[in-house]
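Each remark here refers to the structure printed beneath this line.
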Amino acid sequence: DVKVTQSSRYLVKRTGEKVFLECVQDMDHENMFWYRQDPGLGLRLIYFSYDVKMKEKGDIPEGYSVSREKKERFSLILESASTNQTSMYLCASTTPGGAHYGYTFGSGTRLTVV
Amino acid sequence: SQQGEEDPQALSIQEGENATMNCSYKTSINNLQWYRQNSGRGLVHLILIRSNEREKHSGRLRVTLDTSKKSSSLLITASRAADTASYFCATNSKLTFGKGITLSVRP
Numbered sequence: 003d004v005k006v007t008q009s010s011r012y013l014v015k016r017t018g019e020k021v022f023l024e025c026v027q028d029m030d031h032e033n034m035f036w037y038r039q040d041p042g043l044g045l046r047l048i049y050f051s052y053d054v055k056m057k058e059k060g061d062i063p064e065g066y067s068v069s070r071e072k073k074e075r076f077s078l079i080l081e082s083a084s085t086n087q088t089s090m091y092l093c094a095s096t097t098p099g100g101a102h103y104g105y106t107f108g109s110g111t112r113l114t115v116v
Numbered sequence: 380s381q382q383g384e385e386d387p388q389a390l391s392i393q394e395g396e397n398a399t400m401n402c403s404y405k406t407s408i409n410n411l412q413w414y415r416q417n418s419g420r421g422l423v424h425l426i427l428i429r430s431n432e433r434e435k436h437s438g439r440l441r442v443t444l445d446t447s448k449k450s451s452s453l454l455i456t457a458s459r460a461a462d463t464a465s466y467f468c469a470t471n472s473k474l475t476f477g478k479g480i481t482l483s484v485r486p
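First to last, the protein sequences are chains Y and E. Residues in the first sequence are numbered from 3 upward in steps of one, following our numbering. Residues in the second sequence are numbered from 380 upward in steps of one, following our numbering.
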């Protein structure tokens, strides 16, 4: 069974901390995505990557960065966590033709910044 | 920027009834996808319909697409309590999502 694994289900961090959210997929997918989900706002795209060492900004990249050193791993980095980054974070992956086959999502990381 | 807009925002039905959910979008698309999200979990891909298709079926799911009206509908027939979830439509390769529809199926 194909999988996208997010390293933590729940995470509590302090304001100002540097936070790493990890996402690993075992499907040899080229494309990986990070979203955040907030009540009333739906899912919003933060960053995505179409290849190793490649990244592109999504709709809300401010306050975030990403790293894709290996094909299977896509990390989301909160450089200095703030309370307005408290949210559910979802990682997804797909093949280059994945727009035709659907995306596979991880179970999500619920991050609380205090 | 959000592309898909689902309607209604919330839907409550009795088990066994059909549930119809709608999605509208703004710009031209290559395909439209529907996803389900159980409470506090990740999204699960349900079905994809391409822009040159008008209708598609998968089990109890039926999806229609009207590109002239820039709209799609998802029909779940003979609903079950286990169908209780949020449903999202999404368009194109960067998967721009709507805000979702909360479906409650009463036993």
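In this text, a Cβ means the ideal position worked out from N, Cα and C, and glycines have one as well.
Below-7 Å beta-carbon distance, residue i vs any chain E residue
i	result
phenylalanine 107 of chain Y	yes
leucine 92 of chain Y	yes
leucine 45 of chain Y	yes
glycine 18 of chain Y	no
serine 9 of chain Y	no
Buried or exposed (CB count within 10 angstroms, at least 16 for buried), residue i
i	result
serine 418 of chain E	exposed
threonine 406 of chain E	exposed
alanine 489 of chain E	In this structure chain E extends from 380 to 486, so residue 489 of chain E is not present and cannot be described.
serine 380 of chain E	Bear in mind that the predicted position of serine 380 of chain E carries a pLDDT of just 46, short of 50, making it too unreliable to give a figure here.
glutamate 385 of chain E	buried
valine 68 of chain Y	buried
glycine 395 of chain E	exposed
serine 77 of chain Y	buried
Beta-carbon gap between residue i and residue j smaller than 7 Å
i	j	result
lysine 12 of chain Y	arginine 75 of chain Y	It should be pointed out that residue 12 of chain Y corresponds to tyrosine in this sequence rather than to lysine. No. Outside cutoff.
threonine 456 of chain E	arginine 439 of chain E	yes
glycine 60 of chain Y	leucine 45 of chain Y	no
cysteine 25 of chain Y	glycine 108 of chain Y	yes
phenylalanine 467 of chain E	tyrosine 414 of chain E	yes
glycine 383 of chain E	glycine 477 of chain E	yes
asparagine 471 of chain E	asparagine 431 of chain E	no
Beta-carbon contacts of residue i that lie in its chain and below 7 Å, excluding the five residues immediately before and after
i	result
threonine 399 of chain E	Ser452 and Leu454
proline 98 of chain Y	Glu32 and Asn33
Own chain partners of residue i with C-beta closer than 6 Å, once the 5 adjacent residues on each side are dropped
i	result
isoleucine 428 of chain E	Leu411, Lys435, Val442 and Leu444
serine 391 of chain E	Ser483
glutamate 19 of chain Y	Ala83
Cβ of residue i within 7 Å of any chain Y Cβ
i	result
arginine 433 of chain E	no
isoleucine 474 of chain E	In the sequence on display, residue 474 of chain E carries leucine and not isoleucine. Judged by the 7 Å Cβ criterion, leucine 474 of chain E is in contact with chain Y.
arginine 420 of chain E	yes
leucine 444 of chain E	no
lysine 449 of chain E	no
leucine 411 of chain E	no
leucine 390 of chain E	no
glycine 438 of chain E	no
lysine 405 of chain E	no
(request) Count the C-beta pairs between the region 49-60 of chain Y and the region 30-37 of chain Y that are closer than 8 Å, then say yes if the count reaches three, no if not. (result) yes
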